[in-house]
Amino acid sequence: MGAKNKGKIQTVLGLINPEDLGATVTHEHLLVDLMCYFYKPEEASKRAYIDKPFTMDVRGELPQIAFNMKANLQYYDIEWSISEISKFVNAGGGALVDTTSMGLGRDPIALTKISRATGLNIVMGSSYYIPQAHPDNIDELSEENIAEVIIRDITEGVADTGIKSGIIGEIGNLYPLSDTERKILRASARAQIETGCPISIHPGAHDESPMQIVGELSQVGTDNSNMIMGHLDFAIEDHEKLLELADTGCFLEYDIFGFEETNLVYLGEYMRMKSDVDRIETIEFLIDKGHLEQVVIGQDVCQANQLTRFGGKGYAHILENIVPRLRKRGWEQDQIDQILIHNPAKALAFS
Ligand SMILES: [Zn+2]
132 MGAKNKGKIQ TVLGLINPED LGATVTHEHL LVDLMCYFYK PEEASKRAYI
182 DKPFTMDVRG ELPQIAFNMK ANLQYYDIEW SISEISKFVN AGGGALVDTT
232 SMGLGRDPIA LTKISRATGL NIVMGSSYYI PQAHPDNIDE LSEENIAEVI
282 IRDITEGVAD TGIKSGIIGE IGNLYPLSDT ERKILRASAR AQIETGCPIS
332 IHPGAHDESP MQIVGELSQV GTDNSNMIMG HLDFAIEDHE KLLELADTGC
382 FLEYDIFGFE ETNLVYLGEY MRMKSDVDRI ETIEFLIDKG HLEQVVIGQD
432 VCQANQLTRF GGKGYAHILE NIVPRLRKRG WEQDQIDQIL IHNPAKALAF
482 S
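All residue numbers for the sequence shown refer to our numbering, where the first residue is 132 and numbers rise by one.
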């Protein structure tokens with residue numbers, strides 16, 4: 132199958148040429164179920180939020196209750212999604228990678244409807260998210276079984292929809308890797324080698340995590356230049372470690388533009404969250420070191436509080452707020468185009 136897809140990008144509506152992709156955010160969720168992060172709080176005052184609908188007055192409490200409130204962790208409405216993503220399209224956006232992998236409520240038919248309604252190119256994910264989202268039978272599935280499921284998503288389509296995945300991910304990992312996570316990574320690597328489909332990784336929040344994952348994948352023999360290492364905003368703090376990762380040749384993704392440290396009391400291990408300025412400065416560091424052609428970006432919209440209808444920054448934050456800031460900092464249009472257009476076109480093409 133490799134030959135048919137080679138050099139093309141596989142969207143939910145079919146194959147396209149990389150030059151038709153347009154400005155792209157490489158890590159988002161159009162409809163999502165993030166209940167794998169839900170937990171029931173002990174405190175009665177917080178339990179009051181569990182089944183509460185999302186209303187604007189909740190925003191002030193969010194740092195404390197974001198993972199206790201179902202209405203923050205699930206949004207399923209296709210019409211909402213169309214109106215939210217239209218802001219990105221109207222701001223000049225051309226494509227979006229929906230990194231909703233298995234376990235996060237992936238919805239192929241909804242993605243095709245959103246794509247047709249808005250003209251947006253949408254690339255759909257495959258493989259599995261973090262352990263809390265794994266299916267109950269994951270221990271019964273062999274590496275080969277999992278590889279077959281992923282390959283089928285890419286070559287024939289998800290279930291009986293005929294709608295095909297164009298990226299293997301986001302593959303969810305914690306640090307250190309468990310045997311199950313290693314099995315899923317190796318199966319994903321096999322699927323990449325078999326199909327040429329690119330990989331997108333969600334690493335653990337630890338400086339050693341991305342390289343541990345690259346090591347696991349390369350044992351199977353993956354092509355690093357066909358891989359996006361996500362969440363570097365919180366995964367790697369140490370600049371030497373970052374350069375070590377960059378030298379492997381993978382794409383380097385800063386994908387939570389808009390997340391702010393003060394909003395994230397509830398995230399615990401993610402407390403070293405960067406601000407948007409920190410993200411930009413780290414990307415400028417990578418550019419200084421010669422890695423401009425490996426950087427891709429996104430906003431990882433995955434909670435209701437990030438939608439504009441609930442006061443969030445939405446999917447257009449990068450185009451509306453970050454790009455003008457880059458210009459003010461003296462970036463050339465060529466550099467902005469490289470990160471928003473040319474790098475995603477290369478990262479998402481089948482090898
Ligand atoms: Zn994500």
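Yeah, the Cβ is synthetic: ideal placement off N, Cα and C, and Gly gets one too.
Which residue's Cα is closest to the Cα of residue i: the options?
{"i": "residue 356", "options": "237, 226, 482", "result": "482"}
{"i": "residue 388", "options": "262, 370, 431, 379", "result": "431"}
{"i": "residue 434", "options": "242, 215, 337, 416", "result": "215"}
{"i": "residue 315", "options": "437, 344, 439, 450", "result": "344"}
{"i": "residue 342", "options": "412, 376, 239, 276", "result": "376"}
{"i": "residue 195", "options": "427, 171, 217, 467", "result": "171"}
{"i": "residue 442", "options": "164, 186, 136", "result": "186"}
{"i": "residue 333", "options": "145, 284, 150, 157", "result": "157"}
{"i": "residue 144", "options": "253, 303, 361", "result": "253"}
{"i": "residue 213", "options": "233, 244, 437, 205", "result": "244"}
{"i": "residue 439", "options": "475, 219, 373", "result": "219"}
{"i": "residue 297", "options": "239, 263, 273", "result": "239"}
{"i": "residue 449", "options": "317, 154, 189", "result": "154"}
{"i": "residue 485", "options": "352, 360, 309, 368", "result": "Since the displayed the chain opens at 132 and closes at 482, residue 485 lies outside it and no answer follows."}
{"i": "residue 251", "options": "335, 147, 451, 469", "result": "147"}
{"i": "residue 475", "options": "330, 260, 310", "result": "330"}
{"i": "residue 183", "options": "362, 237, 353, 202", "result": "202"}
{"i": "residue 362", "options": "205, 322, 414, 447", "result": "414"}
{"i": "residue 164", "options": "285, 190, 335, 260", "result": "260"}
{"i": "residue 457", "options": "354, 230, 410, 284", "result": "410"}
{"i": "residue 322", "options": "310, 294, 351", "result": "351"}
From which residue to which residue does the alpha helix (DSSP H) around residue i run?
{"i": "residue 363", "result": "363-366"}
{"i": "residue 278", "result": "274-286"}
{"i": "residue 318", "result": "310-326"}
{"i": "residue 249", "result": "239-249"}
{"i": "residue 415", "result": "407-419"}
{"i": "residue 345", "result": "340-351"}
{"i": "residue 162", "result": "No alpha helix (DSSP H) holds residue 162; DSSP gives it neither H nor E."}
{"i": "residue 193", "result": "193-196"}
{"i": "residue 235", "result": "Element bounds for residue 235: n/a, residue is neither H nor E."}
{"i": "residue 370", "result": "370-377"}
{"i": "residue 467", "result": "464-468"}
Taking the straight line between their C-alpha atoms, what separation do you get for residue i and residue j?
{"i": "residue 223", "j": "residue 175", "result": "45 Å"}
{"i": "residue 179", "j": "residue 169", "result": "14 Å"}
{"i": "residue 391", "j": "residue 408", "result": "10 Å"}
{"i": "residue 463", "j": "residue 287", "result": "42 Å"}
{"i": "residue 417", "j": "residue 328", "result": "26 Å"}
{"i": "residue 200", "j": "residue 181", "result": "4 Å"}
{"i": "residue 397", "j": "residue 139", "result": "At residue 397, the pLDDT of 47 sits below 50, so the modelled position is not reliable; the number obtained from the coordinates is stated separately. Near 40 Å, if we compare the C-alpha coordinates of residue 139 and residue 397."}
{"i": "residue 255", "j": "residue 370", "result": "31 Å"}
{"i": "residue 142", "j": "residue 226", "result": "9 Å"}
{"i": "residue 455", "j": "residue 419", "result": "20 Å"}
{"i": "residue 248", "j": "residue 241", "result": "11 Å"}
{"i": "residue 466", "j": "residue 459", "result": "13 Å"}
{"i": "residue 347", "j": "residue 382", "result": "17 Å"}
{"i": "residue 207", "j": "residue 162", "result": "5 Å"}
{"i": "residue 404", "j": "residue 292", "result": "38 Å"}
{"i": "residue 386", "j": "residue 276", "result": "30 Å"}
{"i": "residue 209", "j": "residue 257", "result": "20 Å"}
{"i": "residue 380", "j": "residue 479", "result": "15 Å"}
{"i": "residue 279", "j": "residue 325", "result": "10 Å"}
{"i": "residue 471", "j": "residue 173", "result": "44 Å"}
{"i": "residue 137", "j": "residue 477", "result": "12 Å"}
{"i": "residue 428", "j": "residue 473", "result": "12 Å"}
{"i": "residue 167", "j": "residue 304", "result": "13 Å"}
{"i": "residue 86", "j": "residue 289", "result": "Because the chain is modelled from 132 through 482, residue 86 falls outside the range shown and cannot be assessed."}
{"i": "residue 300", "j": "residue 232", "result": "6 Å"}
{"i": "residue 445", "j": "residue 235", "result": "19 Å"}
{"i": "residue 425", "j": "residue 339", "result": "20 Å"}
{"i": "residue 349", "j": "residue 188", "result": "48 Å"}
{"i": "residue 354", "j": "residue 360", "result": "13 Å"}
{"i": "residue 283", "j": "residue 192", "result": "43 Å"}
Give the range of the beta strand (DSSP E) segment to which residue i is assigned.
{"i": "residue 182", "result": "From DSSP, residue 182 is part of no beta strand (DSSP E); its letter is neither H nor E."}
{"i": "residue 290", "result": "First-last for residue 290: undefined, no H or E at that position."}
{"i": "residue 91", "result": "The question about residue 91 has no answer here: the residues shown for the chain are numbered 132 through 482."}
{"i": "residue 141", "result": "140-142"}
{"i": "residue 228", "result": "224-229"}
{"i": "residue 337", "result": "First-last for residue 337: undefined, no H or E at that position."}
{"i": "residue 302", "result": "299-303"}
{"i": "residue 356", "result": "Residue 356 -> no beta strand (DSSP E), and no H or E assigned at all."}
{"i": "residue 220", "result": "Note, residue 220: premise wrong, no beta strand (DSSP E); alpha helix (DSSP H) at 209-221."}
{"i": "residue 252", "result": "252-255"}
{"i": "residue 146", "result": "145-147"}
{"i": "residue 330", "result": "330-333"}
Between residue i and ligand 2, is there a pair consisting of the residue's CB and a ligand heavy atom that are separated by less than 7 Å?
{"i": "residue 265", "result": "Ligand 2 is not part of the structure shown, which contains ligand 1 as its ligands."}
Q: Scan the segment 423-456 and note each continuous beta strand (DSSP E) run of 3 residues or more that stays entirely inside, going in chain order.
A: 426-428
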